[in-house]
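Colleague: In this note's numbering, the protein residues as written are 9 to 349. Every residue, glycine too, gets a C-beta built ideally from N, C-alpha and C. Predicted, not measured: the structure shown is a model, and the values here were computed from it. Have a look at this one.
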Ligand code: WQD
């Protein structure tokens, strides 16, 4: 069974991917410094997997400590790199920390993968690399427009670093997965999106407002050129997203030769407005949501959703779970958190 290092494996998408790796017969090894995740996630993973995944409390920027993980766990087949700072707004306040952490952690990982002969890399990228697309849906050949934030720049720069490193013959085979908007939680409600501080994203705001932990949702603008004036996004269930990582590793394992690079959109191919999401949450949960219309949020893209043909044909993957299932799973997770509080 192939061993895969999962950096940021205690995070929202990382933890769900650890489950799917285990189910697919891989051995996931978590490397996480818990700067934006909670050790309690390991209990949730053990409850789902029936075994506790190996986990190292290590910062990916710490070369010596990370090297020790590769040495102890070797041979390692590859890695999925989730560990990064990911708040768009925060990146505008702390650009240097974002460039240092997000770029250096990737470079350190790639250095160690080459050193220890672990060739297969899956990189957590983002639809933010597309900026505000002129044409929709966006596909992988759509132009990469100037990033709207330092966070978006780090994703573009990391993709370029991987592309160039593989193109000059370093023994790495890599895939960048461009996520759209991850939502939901594992149906067991044993893992989900942890609310560390004020949420950055819509769905945690919705579930916390529905739980009475926050005031009514503020909808950031309803004067956009969309069906009901609110922004459009492609909301993908985190379990579907996690499965795309397994498909990417299985594709890399089949690739001949010592180098490879490719990019795939990971979305549903459907767009929904903010108000449609609010209505879908009410339909999925029976919980009435209060909301107010506020001003636009700086940096918001008006509308974006994915063309997913390449992922279907190239990865053999497509999203199976609906928006309502994602919202229902997010709500069940929020209720579980309330019980534990
Ligand atoms: C979604 C929509 C808001 C909160 C995120 C991540 C980014 C990237 C892509 C990973 C927008 C609206 C939100 C609220 C609102 N993911 N909204 N009221 O901005 O698309 O980006 O996914 O790389 O890192 O940040 O997601 O959930 O913040 O916003 O009206 O209280 O909901 O305007 O239209 P976004 P989001």
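What is the DSSP secondary structure of residue 185, reduced to helix, strand or coil?
Modeller: The count along the chain shown starts at 1 and reaches residue 185 at position 177. Residue 185 falls in the strand class under three-state DSSP.
Colleague: At 3 residues or longer, what runs of the beta strand (DSSP E) sit wholly inside the segment 269–322?
Modeller: 299–302
Colleague: Just reading off the beta strand (DSSP E) that residue 232 is part of, what are its end residues?
Modeller: For the purposes of this step, residue 232 is identified with residue 224 of the chain shown, where counting begins at 1. Looking at the DSSP string, residue 232 is not in any beta strand (DSSP E), and its letter there is neither H nor E.
Colleague: At a cut-off of 7 Å, would you count residue 135 as near ligand 1, judging by its Cβ distance to the nearest heavy atom?
Modeller: Here residue 135 corresponds to residue number 127 of the chain shown, with the count starting at 1. At least one heavy atom of ligand 1 is nearer than 7 Å to the Cβ of residue 135, so yes.
Colleague: Does residue 52 come out as helix, strand or coil in the three-state DSSP assignment?
Modeller: As a first step, residue 52 must be located in the chain shown, where it is residue number 44. Judged by DSSP in its simplified three-state form, residue 52 adopts helix.
Colleague: Kindly examine ligand 1 and report whether one of its heavy atoms sits closer than 7 Å to the Cβ of residue 204.
Modeller: Numbered from 1 along the chain shown, position 196 holds the residue referred to as residue 204. No, the beta carbon of residue 204 sits no closer than 7 Å to any heavy atom of ligand 1.
Colleague: Could you please give me the residues that DSSP links to residue 87 through a beta bridge?
Modeller: If you number the chain shown from 1, residue 87 lands on position 79. Bridge partners of residue 87: 13, 129.
Colleague: Alpha carbons only, please: which of 125, 100, 90, 150 is nearest the one belonging to residue 166?
Modeller: Mapped onto the chain shown, residue 166 falls at position 158. The option with the nearest alpha carbon to residue 166 is 90.
Colleague: Can you say whether residue 121 is buried or exposed, counting buried as having 16 or more other CB atoms within 10 angstroms of its CB?
Modeller: Numbered from 1 along the chain shown, position 113 holds the residue referred to as residue 121. Looking at its Cβ environment, which holds 16 or more other Cβ atoms inside 10 Å, residue 121 is buried.
Colleague: Going by alpha carbons, who is nearest to residue 60 out of 85, 51, 12?
Modeller: By one-based count along the chain shown, residue 60 stands at place 52. Residue 60 has its Cα closest to that of 51, out of 85, 51, 12.
Colleague: Okay, do the segment 315–328 and the segment 255–263 touch, 3+ Cβ pairs below 8 Å being the bar?
Modeller: yes
Colleague: So what does residue 245 bridge to, in DSSP terms?
Modeller: Here residue 245 is taken as the residue at index 237 of the chain shown, counted from 1. According to DSSP, which records beta bridges pairwise, residue 245 is partnered with 191.
Colleague: How far does the beta strand (DSSP E) with residue 71 in it reach, from first residue to last?
Modeller: If you number the chain shown from 1, residue 71 lands on position 63. Looking at the DSSP string, residue 71 is not in any beta strand (DSSP E); the run it does join, the alpha helix (DSSP H), is 71–81.
Colleague: Tell me the start and end of each unbroken alpha helix (DSSP H) in the segment 134–188 that is at least 4 residues and wholly inside, in chain order.
Modeller: As far as the segment 134–188 is concerned, its whole alpha helix (DSSP H) runs of at least 4 residues are 158–175.
Colleague: On the DSSP bridge list, what partners appear for residue 37?
Modeller: For the purposes of this step, residue 37 is taken as residue 29 along the chain shown, with counting starting at 1. For residue 37, which the question treats as bridged, DSSP gives the partners 13, 62.
Colleague: Tell me the rounded alpha-carbon separation between residue 6 and residue 28.
Modeller: Because the chain in this structure spans residues 9 to 349, residue 6 falls outside the shown range and cannot be described.
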